[in-house]
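> Quick note on numbering: the sequence shown equals residues 340 to 576 in this note's numbering.
The beta-carbon is built from N, C-alpha and C at its ideal position, and this holds for glycine as well.
Note that this is a predicted model, so its numbers are computed, not measured.
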Amino acid sequence: MSAARFSNPIFAALDTPDLPRALEIAKSIRPHVGGLKVGLEFITALGPDAVRQIVATGSPIFADTKFHDIPNTVAGASKAIAALGISIFNIHASGGEAMMRAAKDAAASVNPNVKLIAVTVLTSLEDSDLDAVGQKKPARDQVLRLAELTKKSGLDGVVCSAHEIEPIRKAIGPDFMLVVPGIRPAGADLADQKRVMTPSDALKKGADILVIGRPIVAAKDPAVAAKIIADEIAVVA
Ligand code: C5P
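#1: Taking 8 Å as the cut-off, is the C-beta of I567 nearer than that to any heavy atom in the ligand C5P?
#2: Report buried or exposed for S539, applying the criterion of at least 16 other Cβ atoms within 10 angstroms of its Cβ.
#3: Give me whichever residues DSSP pairs with K376 in a beta bridge.
#4: Please go through the stretch 404–452 and give each complete alpha helix (DSSP H) segment of 4 or more residues, from N-terminal end onward.
#5: Can you check which of these residues, A402, I393, M439, is closest to I364 by C-alpha distance?
#6: Report the option in P356, A457, G415 whose CA atom is closest to the CA atom of H647.
#7: Which term fits E465, buried or exposed, when burial requires 16 or more other beta carbons within 10 angstroms of its beta carbon?
#8: Could you tell me if S537 is buried or exposed, where buried requires 16 or more neighbouring beta carbons within 10 angstroms of its beta carbon?
#9: In the stretch 466–503, which residue ranges form an unbroken beta strand (DSSP E) of at least 3 residues, counting only runs that do not cross its ends?
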């Protein structure tokens, strides 16, 4: 495993447009998670002030913004999201090197510690979908190509599936943050996730951050669910 950037690698995905509920969950799980993720639905429905309120709970925040536009526009958006006090945000690597460099510089100008990571190929896309949008298949080669471009562009890491951890680590090395969704504790409901891995297996493979949504936030008691996962991975850490 590469050097851990956060002492607890669990980031809980607050996938809800209900701010009071999100704040309640954020406060209750805080002792058991390393951070929280807010996504496009949350940010678009509730706006920057809601993000500030989540930041104010004291947990590091990953804003899953997935920006993709011309460099000047992405730079402006990156500055705006970084200024909210979040700890990590992301953009699409397929926006290219100039876009990634512009985003990094703009974000660092207002928040020097913010981490910027990239999305390579959305896990919802298969080889046939890449053909349709004119990207080279197979998807696993495109993932590596874009991860290498991300590193070259000076970003801090990528979002990847647990099954992509080993090839990316092999190609890029340890100094690259791998943020991994699609995590399911043994026996948990898979819901719409298909290629999942348990928290401890993903850490053993070299994940830095585990993004875990429904197994925590949809549990009857999110704090208990988060504690069980935190206790399980403490064995690995
Ligand atoms: O509930 P679950 O654990 O499946 O949530 C995973 C979170 O990670 C969701 O917020 C989802 O949007 C996000 N995500 C993902 N797969 C990706 C990228 C992001 O599941 N490839």
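Well, looking at it:
#1: No, the ligand C5P has no heavy atom inside 8 Å of this Cβ.
#2: Buried, since its Cβ has 16 or more Cβ neighbours within 10 Å.
#3: According to DSSP, which records beta bridges pairwise, K376 is partnered with A352, F401.
#4: Taking only runs of at least 4 residues, the alpha helix (DSSP H) segments lying wholly in the stretch 404–452 are 410–421, 436–449.
#5: Residue nearest to I364 within the set A402, I393, M439 is I393 (criterion: CA-CA distance).
#6: Summary: the structure shown does not reach residue 647, with the chain confined to residues 340 through 576, and so no result is reported for it.
#7: Classification of E465: exposed, given that the 10 Å Cβ count is below 16.
#8: For clarity, residue 537 is Thr in the given sequence; the question names Ser instead. Classification of T537: buried, given that the 10 Å Cβ count is 16 or more.
#9: For the stretch 466–503, whole beta strand (DSSP E) runs of length 3 or above, ordered along the chain, are 496–498.
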